[in-house]
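Trainee:
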Amino acid sequence: MSVEPFSPIGALGRLNPFHWSAGLVLRGLAELEVADHLAAGPRTAAELAVLVGAHAPSLERFLRVCVLHGAVEPAPDGAFALTADGHLLRSDVPSLRGFVIAVNAPGMTRPWERVADVVRTGRPATEDVWGVDHWEYYATHPDEGRYYAQTCASLAEEAGRALAASVGFDGVRTLVDVGGGPGAALAAVLHAHPHVTGVVQELPWAVPHVHELLAAERLAHRVEVVTGDFRAGVPAGGDAYLLKNVLCDLDDDAAAALLRRCRDAAGPDVPVWVLDWEYGPQTSHVHANDVEFMVLSGGRARSRAEYADLLRGAGFAAVRQLRLAGWERAPIALVEARRDPNSVRPDRTELP
363 MSVEPFSPIG ALGRLNPFHW SAGLVLRGLA ELEVADHLAA GPRTAAELAV
413 LVGAHAPSLE RFLRVCVLHG AVEPAPDGAF ALTADGHLLR SDVPSLRGFV
463 IAVNAPGMTR PWERVADVVR TGRPATEDVW GVDHWEYYAT HPDEGRYYAQ
513 TCASLAEEAG RALAASVGFD GVRTLVDVGG GPGAALAAVL HAHPHVTGVV
563 QELPWAVPHV HELLAAERLA HRVEVVTGDF RAGVPAGGDA YLLKNVLCDL
613 DDDAAAALLR RCRDAAGPDV PVWVLDWEYG PQTSHVHAND VEFMVLSGGR
663 ARSRAEYADL LRGAGFAAVR QLRLAGWERA PIALVEARRD PNSVRPDRTE
713 LP
């Protein structure tokens, strides 16, 4: 392979080490709420500066970079207009605004500064950076926690609708959503199946966001909210259990321990549904997600076979892959497992 003469400018165009700034630009646009003020039509930077409380010359320079990233586009007379993707940053409609702010906020970006250390050691960086793990961080950073909850909700609602259409709920009276975020996936299931009630287990900092979402969805009377850490225990008595995008945040040992807790909380014929990122052989955005989990929490994306192995190792006998309605091409695994009645409980010890 021939090597072209080194050109710094040409190399920067190919390698693009400034790619990190794209997320921060979109975060800034979201925080300024520019999209809200452009929703009705184009405006100049000077007009927007008055509305968002910004320095007009700086805002104009900033908006030109936002054009580069596809959120706004030039309009006649020096104005700027919102693109279709730019509408995803609005605060007054369902959008990805909270997601964009959360994933580009310090809780997620600062650990990435130590990605080389993570690769060297195999240990996540969050605790080294902040002194607490990925989940505890949001207890002391409530503004970021609010946006993180919005992130979970924006991704979970659609997944919940797909789950509701993919598995049988006829025999399910109570669905336990373990580490369920604000409860958006559970809410989607309850809307689709009016006979089902729910339980959401979440950490103390997240519980107010659960109550807020359930009130907005008019489902508070059908859901019990349990404050607790699934690393210590899981609510018992459910007719089905859901782990949606939970195992991806855990390493294999922690994931196996959680599955054993779910096994013991569930009855012998109670299904446990794992809905999570699927890691395949072809390079895709899931590989980027996988490294994100590695950096932030020590977790990982897994293949369907790896999910099945984890479940069987945790004492689940009947493990089967299910089709996720409408998401057949998505890199998402849906695995159902039921407890092996002959498996050893963790409070028993096998003697040699």
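Count along the sequence shown from 1, then add 362; that gives the number in this note's numbering.
Quick reminder that beta carbons are idealized off the backbone N, C-alpha and C, glycines included.
#1: Give me the Cα-Cα distance between Ala527 and Gly688, rounded to the nearest whole angstrom.
#2: If contact is defined by three or more beta carbon pairs under 8 Å, each pair taking one atom from either stretch, is the segment 525-540 in contact with the segment 556-573?
#3: Who are the near neighbours of Ala547 in its chain, counting only those whose CB is closer than 6 Å to its CB and skipping five residues on each side?
#4: Taking 8 Å as the cut-off, decide whether the C-beta atoms of Arg625 and Arg701 are in contact.
#5: Does Gly629 get closer than 8 Å to chain D when you measure Cβ to Cβ?
#6: Note down, in chain order, each residue of its chain lying with its Cβ closer than 8 Å to the Cβ of Leu612, except the 5 sequence neighbours on either side.
#7: I'd like to know if the segment 587-604 and the segment 640-653 are in contact, where contact means that at least 3 CB-CB pairs between them fall below 8 Å.
#8: Can you list the beta strand (DSSP E) stretches of 3 or more residues lying completely in the segment 440-493, in chain order?
#9: Look up Gly560 in the DSSP assignment and say whether it is helix, strand or coil.
#10: Is it buried or exposed for Ser516, if we count other Cβ within 10 angstroms and need 16 for buried?
#11: Considering Glu640, what are the terminal residues of the beta strand (DSSP E) in which it resides?
#12: List the DSSP bridge partners of Phe424.
#13: Helix, strand or coil: how does DSSP classify Asp614 here?
#14: If you follow the beta strand (DSSP E) that Asp539 is part of, which residue opens it and which one closes it?
#15: Unbroken beta strand (DSSP E) runs of length 3 or more, entirely within the segment 562-632: which are they?
#16: Mind the definition here: the segment 469-477 touches the segment 422-434 only if three or more C-beta pairs lie below 8 Å; say whether that holds.
#17: With DSSP as the reference, identify every bridge partner of Glu698, one or two as the case may be.
#18: Between His496 and Thr483, which are expected to be in contact by the criterion C-beta below 8 Å, what is the C-beta distance as a whole number of angstroms?
#19: Helix or strand or just coil, what does DSSP make of Pro436?
#20: Select from Arg682, Ser453, Gly595 and Ala511 the residue whose C-alpha is nearest the C-alpha of His571.
#21: Classify Arg691 as helix, strand or coil using the three-state DSSP reduction.
#22: Starting from Glu668, trace the alpha helix (DSSP H) both ways and give me its first and last residue.
#23: Suppose you measure from the CA of Leu684 to the CA of Leu672; what does that come to, to the nearest Å?
#24: Helix, strand or coil for Arg389? Go by DSSP, reduced to three states.
#25: Among Ala627, Leu391 and Gly415, whose alpha-carbon lies nearest the alpha-carbon of Phe461?
#26: Would you kindly work out how many angstroms separate the C-alpha atoms of Asp454 and Arg535, rounded to a whole number?
#27: Which partner residues does Arg662 have in the DSSP bridge list?
Mentor: Let me lay it out:
#1: Indexing the sequence shown from 1 puts residue 527 at position 165. Indexing the sequence shown from 1 puts residue 688 at position 326. Roughly 9 Å separates the two Cα atoms.
#2: yes
#3: Here residue 547 corresponds to residue number 185 of the sequence shown, with the count starting at 1. Closer than 6 Å at the Cβ level, and outside the excluded window around Ala547, lie Ala518, Ala521, Gly522 and Lys606.
#4: Working through the sequence shown from its first residue, we reach residue 625 at position 263. Working through the sequence shown from its first residue, we reach residue 701 at position 339. Yes; because the gap between Cβ atoms is below 8 Å, this pair is in contact.
#5: Here chain D cannot be found, since the structure has a single protein chain.
#6: Within the sequence shown, numbered from 1, the residue matching residue 612 stands at position 250. Take Leu612, set aside five residues on each side of it, and the residues of its chain with a beta-carbon closer than 8 Å to its own are Leu620, Ser659, Gly660 and Gly661, in chain order.
#7: no
#8: 441-444
#9: For the purposes of this step, residue 560 is taken as the residue at position 198 of the sequence shown. Three-state result, Gly560: strand.
#10: Here the question's residue 516 lines up with position 154 in the sequence shown. Buried.
#11: Counting from 1 along the sequence shown, the entry for residue 640 is found at position 278. Note, Glu640: premise wrong, no beta strand (DSSP E); not H, not E.
#12: Taking the sequence shown and counting its residues from 1, one reaches residue 424 at position 62. Partner(s): none; Phe424 has no beta bridge.
#13: Position 252 of the sequence shown, counting from 1, holds the residue named residue 614. If DSSP states are grouped into helix, strand and coil, Asp614 belongs with the helices.
#14: Taking the first residue of the sequence shown as 1, we reach residue 539 at position 177. Its beta strand (DSSP E) spans residues Thr536 to Val540.
#15: 585-589 and 602-606
#16: No, because fewer than three Cβ pairs between the segment 469-477 and the segment 422-434 fall closer than 8 Å, the two stretches do not touch.
#17: Indexing the sequence shown from 1 puts residue 698 at position 336. In DSSP, Glu698 forms a bridge with Trp635 and Arg682.
#18: Position 134 of the sequence shown holds residue 496. Position 121 of the sequence shown holds residue 483. The Cβ separation is near 16 Å, so there is no contact.
#19: Position 74 of the sequence shown, counted from the start, is the residue given in the question as residue 436. Residue state, collapsed to three classes: strand.
#20: Locating residue 571 in the sequence shown gives position 209, where the first residue counts as 1. Measuring from the Cα of His571, the nearest candidate turns out to be Ala511.
#21: Your numbering for residue 691 matches position 329 in the sequence shown. Arg691 carries a coil assignment under DSSP once its states are collapsed to helix, strand and coil.
#22: Mapped onto the sequence shown, residue 668 falls at position 306. Start and end: Arg666 to Gly675.
#23: Mapped onto the sequence shown, residue 684 falls at position 322. Mapped onto the sequence shown, residue 672 falls at position 310. Roughly 16 Å separates the two Cα atoms.
#24: Here residue 389 refers to the residue found at position 27 when the sequence shown is read from its first residue. It is helical.
#25: As a working note, residue 461 is residue 99 in the sequence shown. Selected option, being the one with the closest Cα: Leu391.
#26: The residue labelled residue 454 in the question sits at position 92 within the sequence shown. The residue labelled residue 535 in the question sits at position 173 within the sequence shown. Approximately 35 Å between the Cα atoms of the pair.
#27: Looking up residue 662 in the sequence shown gives position 300. Beta-bridge pairing links Arg662 to no other residue.
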